[in-house]
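There are 2 protein chains.
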Amino acid sequence: MDSLRTDAHNGAMSTDLPELHRPDGSPLRILAVDDEQMLTDLLAMALRMEGWEVRTASSGLEALQVAREFEPDALVLDIMMPDLDGMSVLRRLRESGNLVPVLFLTAKDAVGDRIAGLTAGGDDYVTKPFSLEEVIARLRAIIRRTGSATSDDGQSILRVGDLTLNEDSHEVERDGTEIELTATEFELLRYLMRNERRVLSKAQILDRVWSYDFGGKSSVVELYISYLRKKIDAGRTPLLHTVRGVGYMIKAPQ
Amino acid sequence: MDSLRTDAHNGAMSTDLPELHRPDGSPLRILAVDDEQMLTDLLAMALRMEGWEVRTASSGLEALQVAREFEPDALVLDIMMPDLDGMSVLRRLRESGNLVPVLFLTAKDAVGDRIAGLTAGGDDYVTKPFSLEEVIARLRAIIRRTGSATSDDGQSILRVGDLTLNEDSHEVERDGTEIELTATEFELLRYLMRNERRVLSKAQILDRVWSYDFGGKSSVVELYISYLRKKIDAGRTPLLHTVRGVGYMIKAPQ
DNA sequence: ACGGGTGATGAGAATCGTATGATCAGCGGT
DNA sequence: ACCGCTGATCATACGATTCTCATCACCCGT
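For the record, the sequence lines run as chains E and X.
Going from the first sequence to the numbering used here is simple: count from 1 and add 476.
Going from the second sequence to the numbering used here is simple: count from 1 and add 476.
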């Protein structure tokens, strides 16, 4: 498997995406907390690729400590942890007046638990196993919503040529015509669009769009690219390009 | 529940809803008072998502104190509290010439008590357990009524395509035909309409439209969406849209 | 031009998510 | 206390989605 390719596609972006940053222009700070180091490592790498500053913690108590001195703009917080669980961490944070938005990680079947009321505060959660694309998109969303950061554009619409993707409404249209995408197709397209004019390898795409526990072959990527082509490029000037032996790329014609 | 996600919908909205604010343009100030911290926390988070400034207090005496220096535009006030109950707080406020509108919180069975006559003063109350949608809608209502705030639009009518919802009269009509909705259906529709073109997850909807003590599964949301569809979309161009694997959204055709 | 390898795509199976009818419970009004 | 309406739950059917497999087309180096 090609599991350990750490590509840094996003690191040195030069495009003018609706990027988030702190009011003073410095990079966003994220604190990732989980007792499985595999996961905090995975998250840390991915979030740093976004150009963000990352700290990790492996327990609830450590999280509180780090949160105090690091002053993150958002937390990624596992719910189930040995000493102090995620909900308790949230409560203690709020008790001390800290309004930092939190993205919870939770097991798929443990969802019903006590997640109720969470999203009302602007917080959110994703279930394990997650895809990095999902985590990062939701992180962006809660950060944008809580207004702790300034963004270049309040709308969160990505554009490549005459193709637009609205991250809030999930609407995608090309040349004025609306296009229906499935959840996976949407995530794949968003990833490509956020990296316009950058070739992404199948490995990169797999690591980013599919869950970290995905066991299948990387040929699913080819399949989904083909789905996207049918829906987006059909009959029109192609935006999706295959770079043989390297990967895929989206770019506006010309 | 499901894995969804997201949102604090209203936080950084860019749409032109009939938003409330102070005459000088600064955000509304709300003081939430309850001796259960769970509740003040929940309220504080949700109200801040509305873009309002929130302070909390856990007793009647503290409320009076904070009210004096914070000068809120409205109070959310629990009736039953240890030291000084809500009614007494109201009396003292009024005695000192403070006309700030108050939304009382009261236990369902304690309603008969002395609440009668309350609403005559422009105040209002909701019974516990409440839904955030209910609290926020009524807060908006009493603030609007007392004219302590200016709104972009005095009418409080939401529109999505040919569908209109009047928050004051609770009238809903599509294309001129009146539509009868139950209370829950109305709240769900209002929440969706206030977030036109934004996909809302079932988790979000549950957190916002159903009471905070609701223990059931998020499949009720699907059921109520189906009710709304029968009443609103029946035979017509659909306004309600399912975004598979993500949530629901309302939007005008085109 | 050939052949190996890579990518594209159709078909189909397994799974997952959603819609909805039927049923049950609870509350309020009479 | 009864009846009727609203709200919640359950079971089930349907359809969409995802992924594997197989085949076919294509590109490129030799």
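All C-beta atoms in this analysis are idealised placements derived from N, C-alpha and C, irrespective of residue type, glycine included.
Chain E within 8 angstroms of residue i, Cβ atoms only
i, result
"G721/X", "yes"
"A484/X", "Interpretation of A484/X is limited by its pLDDT of 34, a score under 50 that renders its predicted location unreliable; no figure is taken from the coordinates."
"M521/X", "yes"
"L518/X", "yes"
"Y688/X", "yes"
"D638/X", "no"
"M525/X", "yes"
"V697/X", "no"
"R567/X", "no"
"L608/X", "yes"
"V675/X", "yes"
"A539/X", "no"
Minimum C-alpha distance to residue i - residue among the options
i, options, result
"A539/E", "E526/E, L523/E and D561/E", "D561/E"
"Y700/X", "L551/X, F662/X, R544/X and P605/X", "F662/X"
"D638/E", "P729/E, A508/E, A520/E and V542/E", "P729/E"
"P548/X", "M557/X, K727/X, P558/X and A533/X", "A533/X"
"D683/X", "L575/X, L608/X and L507/X", "L608/X"
"M556/X", "G536/X, R567/X, E698/X and L523/X", "G536/X"
"D511/E", "D500/E, V552/E, V530/E and V697/E", "V552/E"
"I571/E", "G692/X, S572/X, L515/X and Y601/X", "It is worth fixing the name first, because residue 571/E is Glu in this sequence and not Ile. Cα-wise, what sits closest to E571/E is L515/X."
"N671/E", "Y724/E, G692/E, D709/E and D689/E", "Y724/E"
"Y667/X", "R568/X, Q513/X and V697/X", "V697/X"
"E610/X", "S694/X, D709/X and V685/X", "V685/X"
Span separating the alpha-carbon of residue i from that of residue j
i, j, result
"G711/E", "L676/E", "24 angstroms"
"Q680/E", "T603/E", "21 angstroms"
"L504/X", "R616/X", "10 angstroms"
"T713/X", "L704/X", "14 angstroms"
"D554/X", "Q541/X", "16 angstroms"
"I655/X", "K707/X", "7 angstroms"
"L664/X", "R673/X", "15 angstroms"
"T640/X", "A583/E", "40 angstroms"
"W528/E", "R620/E", "15 angstroms"
"A550/E", "V576/E", "6 angstroms"
"E643/X", "M521/E", "48 angstroms"
"T595/E", "L594/X", "32 angstroms"
"L496/E", "R524/E", "13 angstroms"
"V648/E", "V565/X", "52 angstroms"
"F546/E", "G692/X", "38 angstroms"
"G573/X", "N574/E", "34 angstroms"
"D517/E", "D559/X", "50 angstroms"
"K678/E", "D500/E", "36 angstroms"
"V530/X", "V509/X", "11 angstroms"
"R567/E", "R650/X", "43 angstroms"
"A484/X", "M563/X", "Confidence in A484/X is poor, its pLDDT being 34 and thus under 50, which makes the residue's placement unreliable; the coordinate value appears in the next sentence. Approximately 32 angstroms, taken between the alpha carbons."
"V739/X", "S645/E", "A query on residue 739/X cannot be resolved here, the shown segment of chain X reaching from 477 to 730 and no further."
"D600/E", "L569/E", "16 angstroms"
"T718/E", "D689/E", "26 angstroms"
"Q513/E", "R614/X", "46 angstroms"
"S695/X", "R498/X", "39 angstroms"
"D709/E", "S502/E", "38 angstroms"
is_contact[residue i, chain X] using C-beta, thresh 8 angstroms
i, result
"R570/E", "yes"
"T759/E", "In the structure as shown, chain E starts at 477 and stops at 730, and residue 759/E therefore has no counterpart that could be examined."
"D510/E", "no"
"A596/E", "yes"
"G573/E", "no"
"D644/E", "yes"
"A625/E", "Residue placement at A625/E is poorly supported in this model, since its pLDDT is 49, which falls under 50; the coordinates still yield a value, given next. No, A625/E does not count as interfacial toward chain X."
"G562/E", "no"
"G536/E", "no"
"A501/E", "What sits at residue 501/E in the sequence shown is Gly, not Ala. G501/E does not count as touching chain X."
"L496/E", "no"
"G593/E", "yes"
Distance CB(residue i)-CB(residue j) smaller than 8 angstroms
i, j, result
"L634/X", "M669/X", "yes"
"F580/X", "S687/X", "no"
"R720/X", "T660/E", "no"
"I726/E", "V636/E", "yes"
"E526/E", "I618/E", "no"
"G652/E", "T622/E", "no"
"L507/E", "A543/E", "yes"
Contact test: residue i Cβ vs the ligand ZN heavy atom, cutoff 7 angstroms
i, result
"V675/X", "Ligands in the displayed structure: none, and consequently the ligand ZN is not present."
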